[in-house]
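With full-length UniProt numbering, letter number 120 in the sequence shown gets 120, and the count goes up by one each step, no holes.
Structure first, then comments.
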Amino acid sequence: MAMALPALRVYGRPSSSNTQKVLWLLHELQAVGPGPGPGRPPVPSFELTLASARLGHGSQLLVGSAVEEGGSAVEEGGNEKREPFGVVDTAWYSKLCPTRTIPCLVDGDLAVWESHSILRYLCQKYAPELHLGSIEGMARCSPWMDWVLGSSFHEVNHHLIDQVARTHTGKRKASLMLEAHEGYAQRLQQAEKQLGETGGFLLGDCFTMADIPLGAEISRWSCSLIRWAQLAAEGEVRPPRQLPALPHLERYFRCLQQRPAYLAGCLGPEREHHQLQPLLAGELQPLFLT
């Protein structure tokens with residue numbers, strides 16, 4: 001009987017879009033399984049250890065507006081304290097990840113941190129076809145991954161998710177929500193143009209690791225807009241301004257939802273974070289409500 005492989009260990013939380021990128025890829029690897037090629041290692045299972053300085057058990061709300069490591073807060077209307085998952089504030093974690101951020105992947109004796117570095121590592125080791133199987137393919141994938149970072153998606157991402165899903169009712173800042181929403185719409189014009197040219201995924205007909213950072217951002221934006229529409233219907237906030245037409249992004253989002261790994265590792269956890277009902281079998285989430 002073959003011995004079970006040691007599981008990959010991921011430190012993070014499912015409500016983190018950066019952690020979602022890694023979980024999505026790990027689900028893709030589990031679905032594909034071992035591929036052809038000499039010396040290619042089989043794909044191990046993976047386990048998630050909850051870690052965070054911002055969110056914790058029993059609540060989707062931020063622990064505080066300026067959280068210190070190990071900080072806590074009191075829920076409004078009660079005395080119960082909320083504490084973050086922690087882990088990131090320990091000495092042993094700082095040896096795995098010097099910046100004490102999430103996600104962090106441990107594969108045997110190797111610790112890899114920063115989500116896009118983790119994606120590159122996993123694809124290079126376990127699924128080279130996801131970077132088109134060559135150095136040239138890696139060079140084609142990487143710019144789109146770095147574009148997500150370089151275009152400051154993280155700024156609009158944090159403002160939108162923190163206000164829509166992680167802030168108490170009545171304390172949301174509409175100006176930040178609107179600024180983040182319009183920031184997303186502006187940044188995604190580049191992806192809309194590229195997807196219109198390829199007619200498929202970012203690099204053409206094949207899904208690659210280049211699609212993962214963009215897919216995670218679209219999931220966050222879409223879920224935030226749906227939750228925002230619910231808040232507007234309840235009278236708490238005004239609805240967002242009308243969106244520009246994004247037909248290629250809409251098609252792309254539908255296409256990503258055909259991938260079980262995307263639903264399991266990215267869109268499903270994001271919907272849960274926004275307190276949206278799980279999608280029914282075969283149901284597709286629209287990019288935004290009209």
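We put the CB at the ideal spot given by N, CA and C, even for glycine.
Output the distance between the C-alpha atoms of residue i and residue j, rounded to the nearest integer angstrom.
i	j	result
Gly183	Trp24	25 Å
Ala281	Phe207	22 Å
Trp228	Lys95	39 Å
Glu250	Ser222	10 Å
Leu50	Ile161	19 Å
Ile118	Tyr93	16 Å
His57	Arg13	10 Å
Leu122	Asp89	26 Å
Leu195	Ala91	44 Å
Gly170	Gly235	10 Å
Ala174	Val112	37 Å
Leu26	Val10	10 Å
Pro269	Ser15	6 Å
His273	Gln230	14 Å
Leu279	Leu289	15 Å
Val148	Arg100	22 Å
Ile102	Arg120	16 Å
Val87	Pro98	13 Å
Leu178	Leu225	11 Å
Leu287	Ser17	17 Å
Cys104	Glu114	7 Å
Glu283	Lys125	34 Å
His116	Val156	18 Å
Leu267	Arg259	11 Å
Tyr252	Ala185	15 Å
Residues bridged to residue i by DSSP?
i	result
Ser52	Gly86
Leu105	Val10, Val112
Glu47	Arg9
Gly204	Phe201
Here's the rule: buried if 16 or more other CB atoms are within 10 angstroms of the residue's CB, otherwise exposed. What is residue i?
i	result
Ala254	What sits at residue 254 in the sequence shown is Arg, not Ala. The residue is exposed, with fewer than 16 neighbouring Cβ atoms inside 10 Å.
Glu217	buried
Gln242	exposed
Gln189	exposed
Thr198	exposed
Thr19	buried
Ala139	exposed
Gly265	buried
Ile135	exposed
Pro143	exposed
Lys21	buried
Pro213	buried
Glu68	Confidence is the limiting factor: at Glu68 the pLDDT is only 32, short of 50, which leaves the residue's position unreliable and the question unanswerable from this model.
Leu110	exposed
Ala2	Interpretation of Ala2 is limited by its pLDDT of 49, a score under 50 that renders its predicted location unreliable; the figure taken from the coordinates is listed afterwards. Per the 10 Å Cβ criterion, exposed.
Gly204	exposed
Gly215	buried
Ser219	buried
Gly150	exposed
Ser152	exposed
Gln277	exposed
Gln163	buried
His181	buried
How close, in whole Å, do the beta carbons of residue i and residue j come, if the pair is a contact with beta carbons under 8 Å?
i	j	result
Pro44	Pro6	6 Å
Ala261	Glu28	4 Å
Pro239	Ala232	4 Å
Gln285	Gln257	7 Å
Leu8	Asp146	Not confirmed; about 24 Å, so no contact.
Ala53	Pro84	5 Å
Leu61	Arg166	5 Å
Leu176	His159	5 Å
Glu192	His154	No, Glu192 and His154 are not in contact; Cβ-Cβ is about 20 Å, not under 8 Å.
Ala31	Cys141	With a Cβ gap of about 19 Å, Ala31 and Cys141 do not count as contacting.
Say whether chain D places a C-beta atom closer than 8 Å to the C-beta of residue i.
i	result
Ala127	Looking at the structure shown, chain D is missing, and only one protein chain is on hand.
Please list the segments of the alpha helix (DSSP H) lying wholly inside the region 170-230, counting only runs of 4 or more residues, in order along the chain. Taking only runs of at least 4 residues, the alpha helix (DSSP H) segments lying wholly in the region 170-230 are 174-198.
Can you list the alpha helix (DSSP H) stretches of 4 or more residues lying completely in the region 255-287, in chain order? The qualifying runs are 268-273.
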